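If you count by full-length UniProt numbering, then the sequence shown holds residues 1 to 449, one letter each, in order. For glycine and all other residues, C-beta sits at the position ideal for the given N, C-alpha and C. Here the structure is a predicted model, which is why all the values come from computation and not from measurement. Presented below is the structure to which this report refers.
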Amino acid sequence: MGENFLLVHDAKLVLVILAFLLSTNITDSIATSPYRFVANLIHHDSVLSPFYNANATIADRANQSLERSLAQLSYLKATTTVETPEDIRGLMVASSRSFLVSMFIGEPSVHQFLWMDTGSSLFWVYCIPCTGCNTYNPIFNPSLSSTYYPLPCNNDPYCAAHCDHAKNWCTVSETYGDGASVYGNYATERLSFLIPNEGTTTAPNVLFGCGRVMNEPNTEMNGLMGLGYGGTSLARQLGTKFSYCIGNVGDPDYMHNRLIIGNGAVVVGKSTALAMHNGWYYLKFEKITVGHNTLEINPRVFQRTPQGRRGVVIDSGTDWTFLIRDAYLALRNTVEQIIGGSLTRSFVPQRPTALCYYGNVNEDLEPFPIVKFHFRGGAVLELGKQNLFKSLLNVEFCLAVDIANGNTPKDVSIIGVFAQQHHNIGYDLSAQRLYIENMDCETDLVNYL
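Below, the structure is given as C-alpha cells:
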C-alpha cells in the first residue's frame, strides 16, 4: 500500500465525508470553526503525564527516554524504505512517543490523552465497546454523545468495500505481520481543547477512527493524534498549518509546551523546504557549525536518495537526535576536543556508542559554544547545552546526539525533541515549508496568539 495510494485514499475518503456532512446539514458549524486550536503538549516525563513516576530518578528518566528514542529510530528506519500502511503506522510504536495531547471529545465532553505523532495521518480514539483497549483515562462512549455521527455505508466505492452491513458502518480494519491489528469505524465528532486561564476552543464534525478492537499491548493512551500530511490528518482537517513550541522537557514541572493547529498556527522565523515521504517530514539539512567553525561533513550524507536512503527527518516522537555516521563522528570528535581532559569519560551500558562524562552540565561546561544545524533557505536550529546534553545524574551526562544505529549508508538521521527545545516549529503543509524560531514558550508565544 504505497504513498500515492494513501493520498488517493485520503482524498476519496474526505469527499465521502463532505458528502455525508452536506446530506446531514451539519456543515454550517464548520465555517465558524476557530482560526486556531491550542492544546497543552505534555511530555512523557511531565508531572501532568499519567506516566509520571515521582520515585523515578534522573537516571531512570534518561534511560527510559533513550529506550523510547531507540524504538522510534528502529521503526523509522524500517518504514523509510518500505511502504507501510498509514492506518497502522502510529499504533505499532505508540509506547515510544514523546508527547501527549490533552483534549476532550463528544458532548458531554470526555477527557482524553492522545499521543501526538507527526509521522502519521492517523487520528484514532478508542470507543466503547472496545476489545483489547488498555488506557488510563475513561474510554469514550459514543452512545452517550449527542454530537457523534458514524459514517454510514453508501454507494461510495470505499465505504461499499469497507462496510459492516449489520451496523451500517464505514469501517477500517488492518492486520500486520508483527501481530498488531486494529478494527473500528469512521465517524465525526466534536473536539474541544482547554488551556487553563486561556479558555476552550471547539472543532465540530472532525473525522476520526473509532477504535473498537485493538491487538497492540502498548497502547496505554486513549488514542493517537496524527499530524501527518494525509487528508485524514487532524492538521489537514482543521487547516493546512500547525505548530508546536517546546520548552524545557527536562523539567517535570514545566507547563508551557503548546500545540497549535489551524491556519492561525505560529508559523514564524526562517524557513526551509519540507518534503514528505512515507509519512515522515524530511528537511534539507546543509551543515553543522560549532561556534564559528563549520564541521567537515560531505553534504551528500544528508540527502535522501530516490530509494529512501539517508535523509534527515524532524520528529516529535523521538527525544534524542540521531545522525548518520559521518556527521555524528564529526560532531562527537569536536565535542571531545572542546571538553578535552577536563572531565572523565563514563560508560552507559544501554548505549555503548554514547559520549558520556562525569560532571555537571551547567557547572562544568561553562562556557560551551553554540551548535547550529543549518538548513537550506536560512533556517537554523540552535543547540545550547540543554539541547545538546542530557543529564543522567547530577554528576553524569551524555551528548544527546548519537549515531543512527549502524554504519550503513542507508541510515536516516532524526532531529529529536531535545534539539528542538526552546524553539517554535511551524509547519505549512500547503506551501511545504517548515519554520524555525528561537522562542521562550512561556513569555514569547503569547505575543503571536
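Buried/exposed call for residue i, threshold 16 Cβ in 10 Å
i, result
"residue 39", "buried"
"residue 383", "buried"
"residue 261", "buried"
"residue 229", "buried"
"residue 419", "buried"
"residue 438", "exposed"
"residue 471", "Residue 471 lies beyond the range of the chain shown here (1 to 449); nothing can be said about it."
"residue 54", "exposed"
"residue 131", "exposed"
"residue 301", "buried"
"residue 150", "buried"
"residue 421", "buried"
"residue 175", "Interpretation of residue 175 is limited by its pLDDT of 49, a score under 50 that renders its predicted location unreliable; the figure taken from the coordinates is listed afterwards. Residue 175 comes out exposed."
"residue 446", "exposed"
"residue 47", "exposed"
"residue 338", "exposed"
"residue 293", "exposed"
"residue 241", "buried"
"residue 93", "With a pLDDT of only 44 at residue 93, under the threshold of 50, the placement of this residue in the model should not be trusted; the figure read from the coordinates follows. Classification for residue 93: buried."
"residue 359", "buried"
"residue 251", "exposed"
"residue 366", "exposed"
"residue 147", "buried"
"residue 340", "exposed"
Distance CB(residue i)-CB(residue j) smaller than 9 Å
i, j, result
"residue 427", "residue 435", "yes"
"residue 115", "residue 208", "no"
"residue 429", "residue 304", "no"
"residue 36", "residue 264", "yes"
"residue 415", "residue 373", "yes"
"residue 172", "residue 185", "yes"
"residue 66", "residue 351", "yes"
"residue 225", "residue 126", "no"
"residue 394", "residue 58", "yes"
"residue 417", "residue 43", "yes"
"residue 387", "residue 245", "no"
"residue 238", "residue 273", "no"
"residue 266", "residue 243", "yes"
"residue 152", "residue 168", "yes"
"residue 107", "residue 143", "no"
"residue 392", "residue 348", "yes"
"residue 134", "residue 110", "no"
"residue 223", "residue 112", "yes"
"residue 105", "residue 189", "yes"
"residue 276", "residue 191", "no"
"residue 121", "residue 317", "no"
"residue 295", "residue 334", "yes"
Residue(s) in a DSSP beta bridge with residue i
i, result
"residue 332", "Paired residue(s): none; residue 332 is not in a bridge."
"residue 111", "104"
"residue 117", "226"
"residue 261", "37 and 242"
"residue 390", "398"
"residue 346", "356"
"residue 439", "For residue 439, which the question treats as bridged, DSSP gives no partner whatsoever."
"residue 213", "131 and 183"
"residue 425", "244 and 436"
"residue 195", "199"
"residue 167", "Answer by DSSP bridge pairing: none, since residue 167 is not bridged."
"residue 52", "DSSP output for residue 52 lists no bridge partner at all."
"residue 293", "290"
"residue 314", "415"
"residue 189", "206"
"residue 277", "280"
"residue 383", "371"
"residue 126", "211"
Boundaries (first-last residue) of the alpha helix (DSSP H) holding residue i
i, result
"residue 400", "Here residue 400 belongs to no alpha helix (DSSP H), and DSSP marks it neither H nor E."
"residue 268", "Where residue 268 is concerned, there is no enclosing alpha helix (DSSP H), given that its DSSP letter is neither H nor E."
"residue 417", "417-420"
"residue 157", "157-161"
"residue 309", "From DSSP, residue 309 is part of no alpha helix (DSSP H); its letter is neither H nor E."
"residue 234", "234-237"
Continuous beta strand (DSSP E) stretch holding residue i: start and end
i, result
"residue 366", "Unbroken run through residue 366: none, as it is neither H nor E."
"residue 323", "321-323"
"residue 37", "37-43"
"residue 376", "Segment: none, residue 376 is in no beta strand (DSSP E) and carries neither H nor E."
"residue 281", "280-283"
"residue 412", "No beta strand (DSSP E) holds residue 412; DSSP gives it neither H nor E."
Near the ligand GDP: residue i beta-carbon under 8 Å from a heavy atom
i, result
"residue 277", "With respect to the ligand GDP, the structure shown offers nothing to examine, as it has no ligands at all."
Cutoff 9 Å: residue i Cβ touching any chain B Cβ
i, result
"residue 289", "Of the protein chains in the structure, only one exists, and it is not chain B."
I'd like to know if the segment 317-333 and the segment 280-292 are in contact, where contact means that at least 3 CB-CB pairs between them fall below 8 Å.
Contact holds: three or more Cβ-Cβ distances are below 8 Å.
Three or more beta-carbon pairs under 8 Å between the segment 436-447 and the segment 244-260, yes or no?
Segments in contact, yes.
I want to know whether the segment 341-355 touches the segment 309-316 - three or more CB-CB distances under 8 Å.
no
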